[in-house]
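Only one structure is covered here, and it is reproduced in the block below.
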Amino acid sequence: MARKLKNVENETQTLRTWSMAIKQTNKEYEKLTL
Numbered sequence: 181m182a183r184k185l186k187n188v189e190n191e192t193q194t195l196r197t198w199s200m201a202i203k204q205t206n207k208e209y210e211k212l213t214l
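Here it is as structure tokens:
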């Protein structure tokens, strides 16, 4: 059970990292398109 919870934590962290990276990319892209 604890192991499963750890996996969920890791996945959540990964998703957050991806989400931040995508937001950053969108910001850069907006700068380029202005």
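Our numbering puts the first residue of the sequence shown at 181, with every later residue one more than the last. Where a beta carbon is used, it is the ideal one built from N, C-alpha and C, also for glycine. As the structure is a computational prediction, the values presented were derived from the model and not from experiment.
Would you report the Cα separation of A201 and A182, rounded to the nearest angstrom? Taking the straight line from one Cα to the other gives about 29 angstroms.
Once DSSP output is grouped into helix, strand and coil, what is the label at L195? In this structure, L195 counts as helix in the three-state DSSP scheme.
I need the straight-line Cα distance from L185 to E208, nearest angstrom please. Each residue's alpha carbon lies about 35 angstroms from the other.
Cα separation between T194 and N187? A direct Cα-to-Cα measurement between T194 and N187 gives close to 10 angstroms.
Suppose you measure from the CA of E191 to the CA of T205; what does that come to, to the nearest Å? Distance between the alpha carbons of E191 and T205 is about 21 angstroms.
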